[in-house]
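With my numbering, the residue at position 184 of the sequence shown is 184, and numbering never jumps.
These notes are about the structure you will find just below.
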Amino acid sequence: RNSEMMGATGTSEASPTDDLFNQAPSPIARHVHALGMKYRALLDSSHPWVKARWGFTATLTLLYCLRVYSLGGWYIVTYALGIYILNLLIGFLSPQVDMESEPHLPTRSDDEFKPFVRRLPEFLFWHSVTRALVIGFLCTFISVLNVPVFWPILLVYFVVLFTITMKKQIAHMWRYKYLPFTVGKPKFNKKKEDEAAAGSTKK
Numbered sequence: 001r002n003s004e005m006m007g008a009t010g011t012s013e014a015s016p017t018d019d020l021f022n023q024a025p026s027p028i029a030r031h032v033h034a035l036g037m038k039y040r041a042l043l044d045s046s047h048p049w050v051k052a053r054w055g056f057t058a059t060l061t062l063l064y065c066l067r068v069y070s071l072g073g074w075y076i077v078t079y080a081l082g083i084y085i086l087n088l089l090i091g092f093l094s095p096q097v098d099m100e101s102e103p104h105l106p107t108r109s110d111d112e113f114k115p116f117v118r119r120l121p122e123f124l125f126w127h128s129v130t131r132a133l134v135i136g137f138l139c140t141f142i143s144v145l146n147v148p149v150f151w152p153i154l155l156v157y158f159v160v161l162f163t164i165t166m167k168k169q170i171a172h173m174w175r176y177k178y179l180p181f182t183v184g185k186p187k188f189n190k191k192k193e194d195e196a197a198a199g200s201t202k203k
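In structure tokens form, the structure reads like this:
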């Protein structure tokens with residue numbers, strides 16, 4: 001009988017962790033969630049506006065450069081920002097597939113056309129660059145991050161690193177015969193397709 005009473009009380013009493021997980025979200029959590037949903041909707045609506053998005057990013061880049069130049073500091077932040085954007089650029093220019101294990105892209109006109117698929121899509125590349133610029137711009141308001149440094153050395157380091165990285169990327173493009181752009185790739189021609197179809201029906 002005592003064991004039955006203990007079993008009944010064990011099933012009826014809720015553990016403290018149940019109350020913790022069953023609590024309604026706080027007003028701050030609901031507000032943050034609502035802001036996140038609005039931000040996601042804004043990103044989704046801006047997806048087709050490629051030129052407008054990159055125009056905004058170019059303007060933000062100009063504002064950041066003007067602020068750093070006028071303040072005469074935060075060169076470490078600028079160097080880190082440049083390295084991060086360079087890594088994003090390599091992902092944007094690289095194919096998604098491994099060119100050593102996957103079939104190569106077509107090199108002749110009679111080969112089957114295979115579109116170039118980027119490792120880092122254009123929208124994610126733009127979003128990451130813009131977010132990094134916003135974070136870098138906010139960092140210029142934090143005096144602790146203004147580490148004194150001889151900026152020409154950082155500039156030389158970045159130029160050398162950029163040159164070596166792009167040289168390797170161009171060599172990779174040349175080796176596997178691909179271009180990370182749509183220039184020169186075949187496009188659908190409805191007129192030629194109609195003429196070919198009409199010729200085949202006459203025969």
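For every residue, glycine included, the Cβ atom is placed at its ideal position computed from N, Cα and C.
Buried versus exposed, by CB contacts within 10 Å (16 or more), residue i
i: V68; result: buried
i: L43; result: exposed
i: W49; result: exposed
i: V77; result: buried
Rounded straight-line distance, which links the Cα of residue j to that of residue i
i: G91; j: R118; result: 7 Å
i: L35; j: W174; result: 45 Å
i: Q169; j: F56; result: 27 Å
i: W74; j: P148; result: 8 Å
i: V156; j: F150; result: 11 Å
i: I83; j: K51; result: 24 Å
i: L88; j: L120; result: 8 Å
i: Y39; j: H47; result: 13 Å
i: D110; j: V160; result: Any reading at D110 must be qualified, since the residue scores a pLDDT of 49, below 50, and its modelled position is unreliable; the value itself is stated next. Spanning the two alpha carbons is a distance of roughly 40 Å.
Contact check, residue i vs residue j, beta carbons under 9 Å
i: L154; j: Y79; result: yes
i: I85; j: V129; result: yes
i: W126; j: R30; result: no
i: T140; j: L93; result: no
i: L62; j: V134; result: no
i: P95; j: P152; result: no
Residue range of the alpha helix (DSSP H) that includes residue i
i: L88; result: 75-93
i: G72; result: Segment: none, G72 is in no alpha helix (DSSP H) and carries neither H nor E.
i: I28; result: 27-46
Three-state secondary structure assigned by DSSP to residue i
i: R118; result: strand
i: D110; result: Any reading at D110 must be qualified, since the residue scores a pLDDT of 49, below 50, and its modelled position is unreliable; no value is offered.
i: W54; result: helix
i: L179; result: coil
i: S128; result: helix
i: Y64; result: helix
i: T140; result: coil
i: V97; result: coil
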